[in-house]
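So for the sequence shown, the working numbering puts the first residue at 190; every next one is plus one.
As structure tokens, the structure follows; a few thoughts come after it.
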Amino acid sequence: MVTQEGCYDPREWPVEQLPIRNIHTLQVFINAWANKTFPDRIPEAALTKLVMEEVPELLTHRKEKGTAAIGGEMADCFILLLDLCEIWGIDIAQAIHDKMEINRKRSWDLDTATGFYHHTCEGTAPIESEGGTHD
Ligand SMILES: [Mg+2]
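Have a look at this one:
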């Protein structure tokens with residue numbers, strides 16, 4: 190369980206001992222499980238499955254069964270994403286941190302027709318000084 194450098198290797202931990210609130214540890218653990226369970230998986234197919242099957246399942250479950258019943262479907266989405274992060278060498282904790290640095294500096298507008306928010310400018314400059322919008 191402990192590497193030569195004195196670090197814990199989450200791939201070797203019994204599941205009941207995993208500090209599952211650490212998202213990078215979870216990413217490594219899920220990838221190790223997927224490597225054993227789905228050794229021939231194709232990353233692009235997994236991404237397509239996420240978009241075409243798991244996200245629609247999440248939307249359907251929430252609509253039909255309510256928010257309290259969607260934990261498993263949310264987990265399906267995250268499991269696929271975290272496995273892909275590990276396959277493609279993305280430390281999701283760092284990627285989220287970096288993206289939130291950008292998002293916090295953006296301005297956002299609500300499209301009332303869709304209910305979606307879109308960013309309207311980068312950085313801290315007001316929208317007027319940007320000369321328009323760009324999404
Ligand atoms: Mg599902």
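C-beta: ideal position from N, C-alpha, C; glycine also.
Residue i, buried or exposed, once every other Cβ within 10 Å from all chains shown has been counted against 16
i, result
"residue 211", "exposed"
"residue 315", "Below a pLDDT of 50, predicted positions are generally treated as unreliable, and residue 315, at 45, falls in that range; no measurement from the model is reported."
"residue 240", "exposed"
"residue 148", "Here the chain covers residues 190 to 324 and nothing more, so residue 148 does not appear."
"residue 223", "buried"
"residue 299", "exposed"
"residue 285", "exposed"
"residue 253", "exposed"
"residue 275", "buried"
"residue 243", "buried"
"residue 262", "buried"
Delimiting residues of the alpha helix (DSSP H) encompassing residue i
i, result
"residue 265", "260-276"
"residue 227", "Taken as a continuous stretch (DSSP letters only), residue 227 belongs to no alpha helix (DSSP H), as it is neither H nor E."
"residue 251", "244-254"
"residue 233", "232-238"
Terminal residues of the beta strand (DSSP E) in which residue i lies
i, result
"residue 300", "296-300"
"residue 309", "305-310"
8 Å Cβ cutoff met for residue i and residue j
i, j, result
"residue 232", "residue 277", "yes"
"residue 271", "residue 259", "no"
"residue 294", "residue 311", "yes"
Contact between the region 260-274 and the region 215-234 (3+ Cβ pairs under 8 Å): Cβ pair count under 8 Å is three or more, so yes.
Ligand 1 site residues, beta-carbon cut 6 Å against heavy atoms: Residues flagged by the Cβ proximity filter: 243, 246, 262 and 265.
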